[in-house]
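A short worksheet on the structure shown next.
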Amino acid sequence: MGFRRTGVIGVDELARRGLLPPPERLARGPAAVAECPEEIPCNVCESSCPSGAISVDGLRGMPKIDWDRCTGCGVCVGACPGLAIFVVDLSRDPALVTIPHEFLPRPEKGREVSLLSRDGRKVGRGRVVRVFEANKTLVVTVEVPRELAMEVRAIWVD
Amino acid sequence: MPDFRIWSHPILEFKRGRKVTFYFNGTPISAFEGETVAAALYASGIRVIREGAVGPEGVFCMIGKCSTCLVTVNGVPHVRACREPVREGLVVESEPDRPPLPPAFSDTLPPLERVDTDVLVIGAGPAGLLAAISAAEAGLDVVLVDEHFKAGGQLVKQTHKFFGSGELFGGLRGFQIAELLEKRAREAGVRILLRTVAYGWFRGNVVMMASPERRYEARYKAIIVSTGAHERFLAFPGNTLPGVMGAGAAQTLMNEYGVRPGRRALIVGAGNVGLIVAYQLLQAGVEVAAVVEIMREIGGWFVHAAKLRRYGVPILTGHTIVEARGKGWVEEAVIAPVGDDMRPLLEKARTVKCDLVLLAVGLVPDSRLLSEMGADVVWVPELGGPVPLRDRYMETSIPGVYVAGDAGGIEEATTAMLTGRIAGLSAAIRVLGPRPELVRRREEALGMLEECRRTRFSERVLRGLAKVAR
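Here the protein sequences come in this chain order: A and B.
My numbering applies: residue 1 is where the first sequence begins, and numbers increase by one.
My numbering applies: residue 1001 is where the second sequence begins, and numbers increase by one.
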């Protein structure tokens, strides 16, 4: 469990825990990815999902996403108190990643922003294509080079 | 004079009152109504509260629990700057030497009011609010007191969204939960006395309380003590320098008063408090140099750590602080990895430029009032320190005296709310008898509490709770 030492979780670790959608699903369109590997007593994502695609075992458990039901709308991204849910869309080039964002200045649609990896490295730049707000959390969809779609998990307006 | 106030923030809007001027050691200080003296001083870049025995000293807790901010206000000694609202013309003076207490001045005491209530709740944090709401909704007369001029306890400075289910306010931000609970308490008819200190318990079930305007002699049928906790201090050279403070103190400054506590912070402790405060510092525009954690693993939830790492903040596990240095206030900190014996490896030490060292190394239950009342209190490391024995309904060794929230052992806000609800219902059952509806609701709350205590942090808490069960 290296992530408990580093604060950074690897894609392989997410896959091992069943937290990643199958590649063919990702290629079909936007799908939510919950990077929530511990059993937190929380089910906010479950109650927020308009498609009934997320289930949490009681109050406690990792979110289980039914990717056939998930439409990739991003509502859970703005609802998750741990800011741990993202939406990845590999049906396009560049890919789209939807990210929770709680910093000023607010990223506006059309703006180029820095793309940050899970360990805070600037790995590229991308254009913001959609922004909406959920109780002060901005849900920002940004264009990301396809090969970085599983790496980029934050943006910075600079 | 520098201005450390935050004028735009991604989550918060700061509603500042009228501009006023007060005096600190003769220097005029601009402030806004709604700020405390301590917050206004920090907002103006003043961090030295007094010249102490070993040098300049600043503020540690910011929430009225410690005595680092004692000042003389309008001639009255030993006033907590962190609890004193600014007013036009206030004269505030440092206390380099400890001034003597003033002689008894019984002719100037504010008027005394006798309060007779069913349930008296001490402390209006999440536990106290839920306790008061539960008892009042059962039809009882409830008085809730808090020494701060706001209700909500430490919820008022929590800007992150809470875990939980909808029923436990999951998804709402802490300060939003505080607003909601205060509204519910008032709607339920709870009498809330703010800026009121419960300063002593006396035989015959009397609690003496005082606000600046009035004294109270309160009698009750049941009492709930939900007095919270205070932040733990840490021993290292330089720990008295201004800029070394509790992580919660920095949170109070930036999230309650909209004041940046500094420019660049080192956080000591990667539990949930350290991780959350570090993220909130970034939101307030304060740089975070690093979070150091003496254990080999991060203490808090992974998702809180991940939030921080994404913005490039290093979390150094197996590291600790060795020393804080600076002239007048913190200018740098020395950190080092620790060996298997937890001692710092000084040959590998390095310095970190920072003007803030924030200690997030745990909390200590504030159970002093219960001790004074004669409740059996024992030292339980797993619960953070001195805690009262209690049964599963939160009744202490004294019948009719209940504990709720962190005063009974350090957990978090959701469990505080649940123990508050249980204590409030227990008080109602004591006064009204075991009405089936009250008993059913209490069992329901006990079930939810049990569910919340099945996390990775619970094992230790449950071990502690086993030691205080009666």
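Where is the CB? At the ideal position from N, CA and C, for every residue including glycine.
Report, in whole angstroms, the separation of the C-beta atoms of Ala1218(B) and Leu1120(B), which I expect to be a contact under 8 Å. 5 Å
Compare the C-alpha of Asp1003(B) against each of Ile1422(B), Asn1272(B) and Arg1260(B) and name the closest. Arg1260(B)
Taking only runs of the alpha helix (DSSP H) that begin and end inside the region 1127-1186 of chain B, which ones reach a length of at least 4 residues, in chain order? none
Pairwise C-alpha distance: Pro41(A) and Leu1144(B): 29 Å
Relative to chain B, which residues along the region 89-111 of chain A have a C-beta separation below 7 Å, given in chain order? Glu102, Phe103 and Leu104
Counted within 10 angstroms of its Cβ, other Cβ atoms place Ser1371(B) as buried (16 or more) or exposed: exposed
Tell me the DSSP secondary structure of Tyr1402(B) in three-state form. strand
Since Glu1051(B) and Val1071(B) should fall inside the 8 Å C-beta cutoff, what is the C-beta to C-beta distance between them, to a whole number of angstroms? Contact doesn't hold; Cβ gap of about 13 Å is too wide.
Taking the alpha carbon of Ala1031(B) as the point to measure from, which residue in Glu1450(B), Pro1344(B) and Pro1085(B) has its own alpha carbon closest? Pro1085(B)
Cutoff 6 Å; reference Ala1423(B); Cβ partners in own chain excluding five residues on either side: Ala1131, Ile1224, Met1394, Tyr1402 and Ala1404
Of all the CB atoms in chain B, is at least one closer than 8 Å to the CB of Leu83(A)? yes
Between the alpha carbons of Lys1467(B) and Tyr1279(B), how many angstroms are there, rounded? 35 Å
Could you check whether the region 41-58 of chain A touches the region 1160-1179 of chain B, counting it as contact only if at least three pairs of C-beta atoms, one from each stretch, sit closer than 8 Å? yes
Quick one: using the 10 Å Cβ neighbour count with 16 as the cut-off for buried, is Val50(A) buried or exposed? Going by the sequence as given, residue 50(A) is Pro instead of Val. Exposed, since its Cβ has fewer than 16 Cβ neighbours within 10 Å.
How should Arg1202(B) be labelled, buried or exposed, when 16 other C-beta atoms within 10 angstroms of its C-beta is the threshold for buried? A quick correction: the sequence has Phe, not Arg, at residue 1202(B). Its Cβ having fewer than 16 others within 10 Å, Phe1202(B) is exposed.
Which residues share a DSSP beta bridge with Lys64(A)? Ser55(A)
Three-state secondary structure (DSSP) of His1230(B): strand
Could you name the residues that DSSP lists as bridge partners for Gly1200(B)? Met1208(B)
Only counting the same chain, and skipping five residues up and downstream in sequence, which positions put a Cβ closer than 6 Å to that of Val11(A)? Met150
Cβ contact check for the region 1137-1157 of chain B and the region 1110-1120 of chain B: 3 or more pairs under 8 Å: yes
Glu1332(B) bridges to which residues according to DSSP? Arg1325(B) and Lys1353(B)
Should Ser1044(B) be labelled buried (16 or more other beta-carbon atoms within 10 Å of its own) or exposed? buried
Using a beta-carbon distance below 8 Å, is Ala79(A) in contact with chain B? yes
Measure the Cβ-Cβ separation of Cys1061(B) and Glu1231(B) and say whether it is below 8 Å. yes
For chain B, is any of its Cβ atoms less than 8 Å away from the one on Glu35(A)? yes
Determine the contact status of Leu1282(B) and Ala1250(B), defining contact as a CB-CB distance below 8 Å. no
Residues bridged to Ser114(A) by DSSP? Arg125(A) and Trp156(A)
Partners in chain B for Arg4(A), counting only beta-carbon separations shorter than 7 Å: Glu1297, Ile1298 and Phe1302
Contact residues within the region 52-73 of chain A, judged by C-beta distance below 8 Å to chain B: Gly58, Leu59 and Arg60
Strictly under 8 Å for the Cβ-Cβ distance: is Pro1010(B) near chain A by that measure? yes
Close Cβ partners of Asp93(A) (< 7 Å) along its chain, the five nearest in sequence each way excluded: Arg146
Which chain B residues sit within Cβ distance under 8 Å of Ala149(A)? By Cβ distance, chain B contributes nothing, its closest Cβ being about 15 Å from Ala149(A), past 8 Å.
Opening and closing residue of the alpha helix (DSSP H) in which Leu1465(B) lies: Ser1458 to Val1468
Ordered along the chain, which non-local residues of its own chain (more than five positions away) have a Cβ less than 7 Å from that of Ser114(A)? Lys122, Arg125, Ile155, Trp156 and Asp158
Grab me the residues of Ala1038(B)'s own chain with a C-beta within less than 6 Å of its C-beta, minus the 5 sequence neighbours each way, in chain order. Val1059, Cys1069, Ala1081 and Cys1082
Would you please verify whether the beta carbon of Pro145(A) is less than 8 Å from any beta carbon of chain B? no
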